[in-house]
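Each residue of the sequence shown is one higher than the one before, counting from 1 in UniProt numbering.
Below you'll find the structure, written out as structure tokens, and then a few comments.
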Amino acid sequence: MQNALDEVARMCNTELEAYTQCVDANPRTWQVECASGKSALTACAAKHSGLVNHIKERCRGEIEQYERCLKANAARPDTCLPQLHRMWDCTEGGRPANAHQCGPDCEHARQQQSSGTTNAP
């Protein structure tokens, strides 16, 4: 999961920062107050991270259980630690060797680097 988080942080830093700040600023109501930020971050991760998409597919049940627990226990998210641990264990459970580690933008950047052409800012 750490690899997926690192990839999202690289590819979706703006969305991740906005969502994190919203959650920090709204500890009791973050589920409602930060819903649009969560959606933006999720959309960015889906667009740019093949690894995140792979994990979401492989660990769908664990992710859904964790999200249901958070919704039911918004005021006490620590109640959901067992579900979080199961989700984390699933994401760390080994990835098939042929799974993508990055989305199309990242793969394009790798191809440019290997050919010696980059569009670095």
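Where is the CB? At the ideal position from N, CA and C, for every residue including glycine.
Report the three-state DSSP secondary structure of C22 (helix, strand or coil). helix
*asked:* Measuring alpha carbon to alpha carbon, tell me which residue in D89, A9, M1, L84 is nearest H48.
replied: A9
- N98 versus G50: straight-line alpha-carbon distance, rounded: Low confidence applies to N98: its pLDDT is 33, below 50, so where it sits in the model is not reliable, and the reading given next is rough at best. Going from the Cα of N98 to the Cα of G50 covers about 11 angstroms.
Please determine if the stretch 67–84 and the stretch 34–46 are in contact, where contact requires at least 3 C-beta pairs separated by less than 8 angstroms. no
Practice problem: For R68, name the three-state secondary structure that DSSP assigns. | Solution: helix
What residues in its chain sit with their C-beta under 6 angstroms from that of E15, if we drop five residues either side in the sequence?
A40, L41, C44
_Helix, strand or coil, according to DSSP, for G93 in the structure here?_
coil
**Asked** Quick one, which of T29, C59, C34, M11 has its alpha-carbon nearest T20's?
**Response** C34
Report buried or exposed for V32, applying the criterion of at least 16 other Cβ atoms within 10 angstroms of its Cβ. exposed
query: Using DSSP with H/G/I as helix, E/B as strand and the rest coil, what is A43?
result: helix
Problem - Close-in-space but distant-in-sequence residues of the same chain around T79 (CB under 8 angstroms, 5 per side omitted) - result: C69, N73
- Task: Pick out whichever of G37, W88, E67, C90 has its Cα sitting closest to the Cα of N13.
- Result: G37
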